[in-house]
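K.L.:
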Ligand SMILES: [Zn+2]
């Protein structure tokens, strides 16, 4: 879609999304028709905790942000299946993890942007901030690319 203009400031909004649950989620949040329905009956609630799920009716949410006042507006335009096809070209986290393991890289999450990363050469690096993480991953990415490992 073309960038919408916010109702208040009338400036072009920035595209964004809201992950389903926290960083590194595989899914963006979705819109479903109707109010949320909780499963009825104790056993059904135990087996299917949370809101009932209608994947065939789901639309992926785009979250556009006004750079002036920060107001976020949500748009639900694409069925989730269509959104998935658009992402199909990028490998799943499992494939990435397998490739990294093959390349001899080990990532251990310490929470948030704190990671312990073991390089193929056995060097141990710890990150604390997103800037740290981005820098270390970029260096590692470059090293792996030049050795043809990823
Ligand atoms: Zn605004």
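Numbering (the working numbering), first residue to last: 177 to 326. Where a beta carbon is used, it is the ideal one built from N, C-alpha and C, also for glycine.
Tell me the residue span of the beta strand (DSSP E) that contains residue 220.
P.N.:
Counting from one through the chain shown, the residue named residue 220 turns up at place 44. Careful: residue 220 lies outside any beta strand (DSSP E), inside the alpha helix (DSSP H) at 218 to 223.
K.L.:
Mind listing, in chain order, the residues whose beta carbon lies closer than 6 Å to a non-hydrogen atom of ligand 1?
P.N.:
182, 184, 185, 242, 244, 245, 247
K.L.:
Please classify residue 204: does DSSP put it in a helix, a strand, or coil?
P.N.:
For the purposes of this step, residue 204 is taken as the residue at position 28 of the chain shown. Here residue 204 sits in strand by DSSP.
K.L.:
Using a Cβ-Cβ cutoff of less than 8 Å, which residues in the same chain neighbour residue 290 once the five nearest sequence positions on both sides are dropped?
P.N.:
Translated into the one-based positions of the chain shown, residue 290 becomes position 114. Result list for residue 290: 302, 303, 304, in chain order.
K.L.:
Could you check the C-alpha separation between residue 185 and residue 219 for me, to the nearest Å?
P.N.:
Within the chain shown, residue 185 is the residue found at index 9, counting from 1. Within the chain shown, residue 219 is the residue found at index 43, counting from 1. Taking the straight line joining both Cα atoms gives about 50 Å.
K.L.:
Let me confirm a value: residue 402 is counted as buried when at least 16 other C-beta atoms fall within 10 Å, else exposed. Which label applies?
P.N.:
Any question about residue 402 goes unanswered here, given that the chain covers just 177 to 326.
K.L.:
What first and last residue would you give for the beta strand (DSSP E) that runs through residue 248?
P.N.:
In the chain shown, the residue the question calls residue 248 occupies position 72. It spans 248 to 255 - the beta strand (DSSP E) in which residue 248 sits, taken as one unbroken run.
K.L.:
Might you give, ordered along the chain, the residues of its own chain that have their beta carbon closer than 7 Å to the beta carbon of residue 319, omitting 5 neighbours on each side?
P.N.:
Position 143 of the chain shown, counting from 1, holds the residue named residue 319. So the list is empty, once near-sequence residues are dropped.
K.L.:
Decide if the stretch 189 to 198 is in contact with the stretch 229 to 239; the criterion is three or more beta carbon pairs, one per stretch, under 8 Å apart.
P.N.:
Between the stretch 189 to 198 and the stretch 229 to 239, the count of C-beta pairs closer than 8 Å reaches three or more; the two stretches touch.
K.L.:
Spatial neighbours of residue 206 within its chain, please: C-beta separation below 7 Å, excluding the five flanking residues on both sides.
P.N.:
Reading the chain shown from its first residue, position 30 is the one you call residue 206. Hits under 7 Å: 234, 235, 236, 237, 256.
K.L.:
From which residue to which residue does the beta strand (DSSP E) around residue 294 run?
P.N.:
Position 118 of the chain shown holds residue 294. Run containing residue 294: 291 to 294, per the beta strand (DSSP E) assignment.
K.L.:
Given residue 188, which residues of its chain have a CB within under 7 Å of its CB, disregarding the five upstream and five downstream residues?
P.N.:
If you number the chain shown from 1, residue 188 lands on position 12. The residues are 179, 181.
K.L.:
Could you tell me if residue 245 is buried or exposed, where buried requires 16 or more neighbouring beta carbons within 10 angstroms of its beta carbon?
P.N.:
Along the chain shown, read from residue 1 onward, the residue named residue 245 stands at position 69. Result: exposed.
K.L.:
Going by DSSP, what residue range makes up the alpha helix (DSSP H) through residue 322?
P.N.:
For this step, residue 322 is matched to residue 146 along the chain shown. From DSSP, the alpha helix (DSSP H) with residue 322 extends over 306 to 322.
K.L.:
Could you compute how far the alpha carbon of residue 211 sits from the alpha carbon of residue 283?
P.N.:
Counting from 1 along the chain shown, the entry for residue 211 is found at position 35. Counting from 1 along the chain shown, the entry for residue 283 is found at position 107. Rounded to whole angstroms, residue 211 to residue 283 spans 40 Å at the Cα level.
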